[in-house]
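**Student:** My questions all concern the structure below.
Quick look at the structure:
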């Protein structure tokens, strides 16, 4: 069985490759069937991500974790990285990848990608990354392109 570190590295490598090559179709296809069905705007958001960051580079961060276990029926690997777009703009990315789901195999694949302006230290009060451990169930892409005017209660998916 693959370690959490290896699973995180594989996930980051795949997403990095897709962003670096500006491959919107493959980026979209990497999402789980469940994510593609739960987020009706996923294709438009994927195009926006590639238009902002396509051709950019991703640096691995030192943070990754897993949530769940085989005995609990699902395993999620959560990874953080920084993307530097071709124009020099930096973005922070938080990826939740489902590597196993006994009850619902349609969830295997990318579950959620959250992208914010670099860094989360600059985020306004009320911002938080979604967490599998908290029981929140979000799928697709959460893209926040600017903190200006962002409010956690009225604009959680600003783009």
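Numbering (the numbering used here), first residue to last: 42 to 200.
Every residue, glycine too, gets a C-beta built ideally from N, C-alpha and C.
Does the separation of the CB atoms of residue 181 and residue 83 fall below 8 Å?
**Tutor:** Against a cut-off of 8 Å, the Cβ pair of residue 83 and residue 181 comes out as a contact.
**Student:** Within a Cβ cutoff of 8 Å, which residues of the same chain sit near residue 191, ignoring the five residues on either side of it in sequence?
**Tutor:** Around residue 191: 165, 168, 185, 199.
**Student:** Closest to residue 51 by CA distance: which of 95, 130, 122, 81 is it?
**Tutor:** Answer by Cα proximity: 122.
**Student:** Check residue 163 in the structure and name its three-state DSSP category.
**Tutor:** Helix.
**Student:** Residues in its own chain within less than 7 Å of residue 159 by CB, not counting five upstream and five downstream?
**Tutor:** Result list for residue 159: 123, 131, 132, 133, in chain order.
**Student:** Measure the alpha-carbon distance for residue 187 versus residue 125 and round it to whole angstroms.
**Tutor:** One C-alpha to the other measures close to 16 Å.
**Student:** Which one of 179, 183, 163, 171 has the shortest CA to CA distance from residue 189?
**Tutor:** Answer by Cα proximity: 163.
**Student:** Go to residue 65, then tell me how far its beta strand (DSSP E) extends in each direction, as first and last residue.
**Tutor:** First-last for residue 65: 65–70, but that is the alpha helix (DSSP H), not the beta strand (DSSP E).
**Student:** Return the CA-CA distance between residue 147 and residue 115, expressed in angstroms with no decimal places.
**Tutor:** The straight-line gap from Cα to Cα measures roughly 12 Å.
**Student:** From this set, 118, 113, 112, 99, which residue's C-alpha is nearest residue 106's C-alpha?
**Tutor:** Looking at the Cα atoms, 118 is the closest of the given residues.
**Student:** Between the Cα of residue 21 and the Cα atoms of 170, 137, 193, which residue gives the shortest distance?
**Tutor:** Because residue 21 is not part of the residues shown, which for the chain are 42 to 200, the question remains open.
**Student:** According to DSSP, which residues form a beta bridge with residue 52?
**Tutor:** Answer is none; residue 52 lacks a bridge partner.
**Student:** For residue 156, count neighbouring C-beta atoms within 10 Å of its own C-beta (all shown protein chains included) and say buried if the count is 16 or more, exposed if not.
**Tutor:** Classification of residue 156: buried, given that the 10 Å Cβ count is 16 or more.
**Student:** Roughly how many angstroms separate the alpha carbons of residue 129 and residue 65, rounded to a whole number?
**Tutor:** Using only the alpha carbons, I get a separation of about 20 Å.
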